[in-house]
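With mature numbering (1 follows the signal peptide of the UniProt record, and there is no 0) applied, the sequence shown corresponds to residues -18 to -1, 1 to 139, in that order.
Here a beta-carbon is modelled for each residue, glycine too, at the ideal position from N, C-alpha and C.
As structure tokens, the structure follows; a few thoughts come after it.
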Amino acid sequence: MLPRIVLSLTLLTSPAFAQTEPIIHTATDLQQREAKLLEAAKASPTGLAIGRLEDYGNDYTLLVVRTSTGESERHQLFADQMVIKTGTITLVTGGTMQGEHPNNGPGRPGETLGSGIEGGKEVLLQAGDIVHIPAGIPHWIKLAPGITTTYLVFKEK
């Protein structure tokens, strides 16, 4: 009987684990954010606008709008899970990054950018497609002229 009492007291005096609420982004919320990002991408010389939806510590979620082909990328610490929301892209993975240099933006350790990829594998992705890019794999998103695309990126450490 004494062990049960001790166990009960231990459980009652232990701090409760913090519970968090689910985070929901409605279709309306995403459409409004996408509209703002589209205007920013059109005004940007790079044709790129990124909105951080949430940051969970070891991973985070981005909403990305592109109006033109971007730089190639490599993330040593994060994998990318991408969901194409609108448009069509050509995703190039693997191969050798051309003109690779550190991404000196804040909070970007282990990330490099480049002017393209030589010898990578190309795949055409369209709205509704999902792709997982493991950490350390070079990747490059290419757009045909006149194409705009929106996609979600789930960055996973």
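Query                                                                                                          : Result
Residues that DSSP places opposite LEU125 in a beta bridge                                                     : Paired residue(s): none; LEU125 is not in a bridge.
Candidates MET64, ARG56, PRO27 and GLY76, of which the one nearest LEU45 by Cα                                 : MET64
Inter-residue Cα distance where the pair is ILE123 and LEU107                                                  : 10 Å
The segment 19 to 38 contacting the segment 77 to 84, beta-carbon criterion three pairs below 8 Å              : no
Top-ranked residue by Cα proximity to HIS129, from SER50, ALA25 and LEU12                                      : Inspection of the sequence shows that residue 129 is occupied by Ile rather than by His. Ranking the options by Cα distance to ILE129, first place goes to SER50.
Sequence-distant residues of the same chain with beta carbon closer than 6 Å to GLU138, five excluded per side : ASP41 and ALA61
Check whether THR131 and LEU125 have beta carbons under 8 Å apart                                              : yes
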